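Numbering (my numbering), first residue to last: 4 to 148. Using N, Cα and C, we set each Cβ at its ideal position, and we do this for glycine too. Small disclaimer: the values here were computed from a predicted structure and weren't measured.
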Amino acid sequence: MIVYPELGYESWLSEAEADAYFATRLNVDEWAATTSDLKLRALQTAFRSLREFSLEIVFNADGTLAETYSDEQAAAVLKALQESQCEQALHELKHDLENLAADSVSLGGLLSVKLSPDAKPERYSSRAVAMLRPLLKARAVARYR
4 MIVYPELGYE SWLSEAEADA YFATRLNVDE WAATTSDLKL RALQTAFRSL
54 REFSLEIVFN ADGTLAETYS DEQAAAVLKA LQESQCEQAL HELKHDLENL
104 AADSVSLGGL LSVKLSPDAK PERYSSRAVA MLRPLLKARA VARYR
């Protein structure tokens, strides 16, 4: 049985598991050059970002994956969640505001950062979204005449 706690949980995987994933992937210089503390924060940020999606995953009240999933399906769901979290964490590191070329920054009251139109990154990693696509819940729009 795989447990996915709903509250007080900040990651679907550990830093060591993320390191193992990135050891098999190209273009991960940002991850390799990052400190352990920043890696954990990137994983937590990625976790929160991906939780914004409406995922079609059924949980029991105690946070365990519903019995409707076979062990094979549950393992596939966990793998998709973990790998998409890794991709989103890398995306967060690559597109951190400090690494972007800002046109201007002002600290008058509120922080305001202006980026040139071509420098604005996508909110989510396209790889993470592709990995989660089978788990995404489509929103239905009702039309009335």
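DSSP three-state assignment for residue i, whether helix, strand or coil
i	result
residue 139	strand
residue 46	helix
residue 16	coil
residue 5	Confidence in residue 5 is poor, its pLDDT being 49 and thus under 50, which makes the residue's placement too unreliable to answer from.
residue 127	coil
residue 31	coil
residue 132	helix
Cβ pair residue i, residue j closer than 8 Å
i	j	result
residue 47	residue 14	yes
residue 92	residue 49	yes
residue 131	residue 90	yes
residue 2	residue 20	The question about residue 2 has no answer here: the residues shown for the chain are numbered 4 through 148.
residue 69	residue 80	no
residue 86	residue 24	yes
Cβ neighbour criterion (16 or more within 10 Å) applied to residue i
i	result
residue 128	buried
residue 52	buried
residue 88	buried
residue 6	Caution is warranted here: a pLDDT of 49 is assigned to residue 6, below 50, making its placement in the model unreliable, and no coordinate value can be reported.
residue 29	exposed
residue 26	exposed
residue 77	buried
residue 4	Bear in mind that a pLDDT of 45 at residue 4, under 50, signals an unreliable position, so the number given afterwards is only what the model happens to contain. So residue 4 ends up on the exposed side.
Nearest-angstrom beta carbon gap, residue j and residue i [assumed within contact, 8 Å]
i	j	result
residue 43	residue 83	Incorrect: roughly 21 Å between the Cβ atoms, too far for contact.
residue 140	residue 59	4 Å
Identity of the residues DSSP links to residue i by a beta bridge
i	result
residue 58	139
residue 68	62
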